[in-house]
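One structure is given below, encoded as structure tokens.
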Amino acid sequence: MEIEKTNRMNALFEFYAALLTDKQMNYIELYYADDYSLAEIAEEFQVSRQAVYDNIKRTEKILEDYEMKLHMYSDYIVRSQIFDQIMEKYADDTYLQEQISILSSIDNRE
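Per this note's numbering, the very first residue in the sequence shown carries number 396; after that it's consecutive.
Here it is in structure tokens:
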């Protein structure tokens, strides 16, 4: 499994997990976050390996579709980069630093 794809799926999952079904959440989390194999997930849920594979592929597409429409992850990346640049450029401005920290904490709420 490619590390870039794993990282992207984990990030998209963090943003859009609440929009998935319980089964989709379980399969994606086990496969990407917990590094289970298709066979291990199939055994856990007493389904075929092919059923797990199909579900994961469908869910990957769903997550990518959500991102294409909502841009939550890509917007988060851009905001983070801008915050970092501001924090670096205005390191001595404590008021601005505090405000950026507040905005950053909004993005990082669970």
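Where is the CB? At the ideal position from N, CA and C, for every residue including glycine.
On a predicted model such as this, the values are computed, not experimentally measured, just so you know.
Boundaries of the alpha helix (DSSP H) in which residue i is found, first to last residue
| i | result |
| --- | --- |
| residue 473 | 467 to 484 |
| residue 405 | 398 to 411 |
| residue 502 | 489 to 502 |
| residue 433 | 433 to 440 |
Sequence-distant residues of the same chain with beta carbon closer than 8 angstroms to residue i, five excluded per side
| i | result |
| --- | --- |
| residue 462 | 407, 410, 411, 468 and 469 |
Cβ neighbour criterion (16 or more within 10 Å) applied to residue i
| i | result |
| --- | --- |
| residue 490 | exposed |
| residue 438 | exposed |
| residue 473 | exposed |
| residue 441 | exposed |
| residue 397 | exposed |
| residue 451 | buried |
| residue 454 | buried |
| residue 436 | buried |
Cutoff 6 angstroms; reference residue i; Cβ partners in own chain excluding five residues on either side
| i | result |
| --- | --- |
| residue 499 | 478 |
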